Amino acid sequence: MVVPPCVSQRWRERRSLLDCSLYNTCDAARAEKGAEGHIILQDFGPLVELDSPAFVHESAQLYGKIHLAPGTSVWPFVSMRAEDQEIRVGENTNIQDFVMIHIGYATPTIIGANCSITHHCTIHGCTIGDNTLVGINATIMDGCVIGRNCIIGGAAFLKEGTVIPDNSIVVGAPGKVIKQKNNWVANCMNARYYRRNAEHYARGEHRAWAGKDGKTWAAEQLQELQKEFKALLESGAEVIPE
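In this text, residue positions in the sequence shown follow this note's numbering: the first is 30, and each later residue adds one.
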């Protein structure tokens, strides 16, 4: 296996790379793809499935039955543990710095596509629908079910078994719905920002959002999402599909 260029020499000296065959979804072709920037280090357990994530930081700790879908990104000092049940992270979802994801005693943790789990969140044995953003330092507990296109406000605490409908904005401790709004455009845009960021980080580039190119890209992406959203609403869609 070729060491990805974004793994620093200092890290190479501190930690040895594992053979890709330890991972259920990694074959020779995927190992070759990993050489383009997908980091696979010893802090992953043998049941972790890396299905072409965009970027996984070298400090992330992933153990147990975990699946990362294509385009996902896992940022510095994330901890994921699934000693029972499973953790599944959907396509193009970003798990930001210092997030802790664990399973419940009786519930897996399922996170949909195009989600943003922002810095310092605790996600514990719950289900989060597609296109949802969970704000900084929020906690979502066992058995919670969060709908699609939601925003969970920073520092919100959702107690066990809370059910949040699609298109909700939630704040407080305990978390309560304060507004119904379809947040699909904003949340998908945030997910696209992080997908772009992840692809740049995988190449050792850390200024994906800066400069004229970054601003032009963002404007084009937002315009594209707004057109798509308008078309879906005109078609009569009450909730934006996956």
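A virtual CB, placed ideally from N, CA and C, is assigned to each residue, including glycine. Note that this is a predicted model, so its numbers are computed, not measured.
In three-state DSSP terms, what is residue i?
i: Met218; result: helix
i: Lys210; result: coil
i: Lys205; result: strand
i: Gln125; result: coil
i: Asp242; result: helix
i: Phe258; result: helix
i: Ala98; result: coil
i: Glu249; result: helix
i: Glu234; result: coil
i: Glu263; result: helix
i: Met170; result: coil
i: Arg110; result: strand
i: Thr147; result: coil
i: Glu189; result: coil
Pull up the DSSP beta-bridge partners for residue i, would you.
i: Pro73; result: Inspection of the sequence shows that residue 73 is occupied by Phe rather than by Pro. Phe73 pairs with Leu91.
i: Ala227; result: Beta-bridge pairing links Ala227 to no other residue.
i: Ile165; result: For Ile165, which the question treats as bridged, DSSP gives no partner whatsoever.
i: Thr138; result: Ile116
i: Phe84; result: Ser102
i: Ile132; result: DSSP, once it has assigned bridges, lists no residue as partnering Ile132.
Distance check for residue j and residue i, CA to CA, integer angstroms please.
i: Leu251; j: Val214; result: 8 Å
i: Thr151; j: Val174; result: 15 Å
i: Ile198; j: Gly74; result: 36 Å
i: Tyr222; j: Gly100; result: 12 Å
i: Met109; j: His131; result: 6 Å
i: Ser145; j: Leu261; result: 22 Å
i: Ala248; j: Ala135; result: 43 Å
i: Asn121; j: Val85; result: 12 Å
i: Leu76; j: Phe127; result: 22 Å
i: Arg177; j: Gly190; result: 17 Å
i: Lys244; j: Ala237; result: 10 Å
i: Ile139; j: Lys208; result: 24 Å
i: Glu263; j: Arg225; result: 29 Å
i: Ile107; j: Ala220; result: Going by the sequence as given, residue 107 is Val instead of Ile. The alpha-carbon atoms of Val107 and Ala220 are separated by roughly 17 Å.
i: Gly154; j: Trp246; result: 36 Å
i: Gly141; j: Phe258; result: 19 Å
i: Gly240; j: Glu234; result: 13 Å
i: Gln255; j: Met218; result: 10 Å
i: Met129; j: Glu78; result: 18 Å
i: Pro105; j: Leu187; result: 25 Å
i: Glu115; j: Pro137; result: 5 Å
i: Asn123; j: Asn143; result: 8 Å
i: Ser88; j: His229; result: 17 Å
i: Ala231; j: Gln90; result: 18 Å
i: Asp242; j: Val103; result: 24 Å
Taking 8 Å as the cut-off, decide whether the C-beta atoms of residue i and residue j are in contact.
i: Gly183; j: Asn196; result: no
i: His96; j: Arg117; result: yes
i: Gly93; j: Glu112; result: yes
i: Ala83; j: Ala227; result: yes
i: Ala185; j: Gly172; result: no
i: Asn211; j: Leu162; result: no
i: Gly119; j: Asp159; result: yes
i: Gly164; j: Ile181; result: yes
i: Gln17; j: Thr147; result: The structure shown does not extend to residue 17, since the chain is modelled only from 30 through 271, so no value can be given for it.
i: Ile193; j: Cys179; result: yes
Can you tell me whether residue i sits near the ligand ATP, meaning its C-beta is under 7 Å from at least one heavy atom of the ligand?
i: Ala260; result: By its list of ligands, the structure shown contains no ligand whatsoever, and the ligand ATP lies outside what it can speak to.
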